[in-house]
Amino acid sequence: MASKSKATRDDHSAFATKKLGHKCGNCNITGKETTLKICARCKTIQYCSRDCQKAHWKTHKDICNRNAEHAAAVVEADQNGFGSTLLPPGISFKELDERLEKWIKFHHSTLMATIIHGLALPRDLKRSRTHVIQMKVCPRLDHNGVSGKFFRVLNAEAVEISTARGFSPVWEESLEQMRTLREESEGKRQGTVAAIGVECEPLGVQFVPFGSLRDLSPIRILPNWKELLIG
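No gaps in the numbering here: position 158 of the sequence shown is 157 in numbering that gives the first Met the number 0, and each next residue is one more.
Structure below.
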């Protein structure tokens with residue numbers, strides 16, 4: 000199954016589940032300041048204008064194509080019954096994929112905190128260039144329809160990007176996309192970009208990048224971040 004890369008820019012809060020506003024994928028203007036329109040093809044990034052969307056297309060193109068391929072692969076898997084025995088009872092690939100997307104949106108701030116503390120970014124922001132968070136989750140059956148309970152975190156580790164590139168071709172391609180995003184953001188003096196690769200069988204890996212990361216030194220690193228995340 001192909002991976003999906005979610006374009007996300009969030010606040011630098013500690014562990015929490017507060018949902019924050021989105022920004023234009025090109026100029027960073029917030030949804031509170033103007034109306035944002037979502038990319039019709041991949042539905043993972045928003046823009047304030049057609050001009051911003053065109054200006055950002057060179058950077059967004061690969062991620063947009065990857066997300067469109069992922070959506071097509073999910074539909075094909077349901078039609079062919081591929082891997083259906085690996086799914087939770089009574090759910091399709093498409094439904095599981097949609098649940099993972101909702102779970103990630105619900106826990107945006109928690110995932111941001113995982114990046115900050117797991118990569119120790121307050122100590123060295125440049126670790127966003129050399130490390131990535133690998134997170135493994137599994138579906139929960141006791142979610143009672145609550146988005147935040149759709150999945151359980153099994154483990155999360157800070158991994159060197161040079162190592163993570165060898166996990167699979169999908170990891171390598173996604174990390175290359177993250178590198179492009181990071182270099183563009185840093186080149187525009189908009190901060191750096193760090194990412195989490197969320198692995199969920201049988202869906203594969205979904206990359207969640209967080210941008211606009213600048214000086215985080217005032218934040219005290221939580222040594223027990225993993226226990227707080229899994230617990």
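A virtual CB, placed ideally from N, CA and C, is assigned to each residue, including glycine.
Can you have a look at lysine 198 and say buried or exposed, based on whether 16 or more other CB atoms are within 10 angstroms of its CB?
-> Checking the sequence shown, residue 198 turns out to be glutamate, not lysine. Glutamate 198 comes out buried.
Does the region 171-181 touch the region 203-216, meaning 3 or more C-beta pairs lie closer than 8 angstroms?
-> yes
Three-state class that DSSP yields for phenylalanine 166 in the structure shown | coil
What is the DSSP secondary structure of glutamine 189, reduced to helix, strand or coil?
-> coil
Does the region 129-140 come close enough to the region 154-173 to have 3 or more Cβ pairs within less than 8 angstroms?
-> yes
Excluding five sequence neighbours on each side, which residues of the same chain lie with their C-beta closer than 6 angstroms to the C-beta of tryptophan 224?
-> His116 and Gly117
Find the nearest neighbour of glutamate 272 within the set Lys42, Thr109 and Lys57, judged by alpha-carbon distance.
-> Only positions 0 to 230 of the chain appear in this structure, which leaves residue 272 out of reach.
Mind listing, in chain order, the continuous beta strand (DSSP E) runs of no fewer than 3 residues lying wholly within the region 90-127?
-> none
Bridge partners of threonine 29, per DSSP?
-> Lys22
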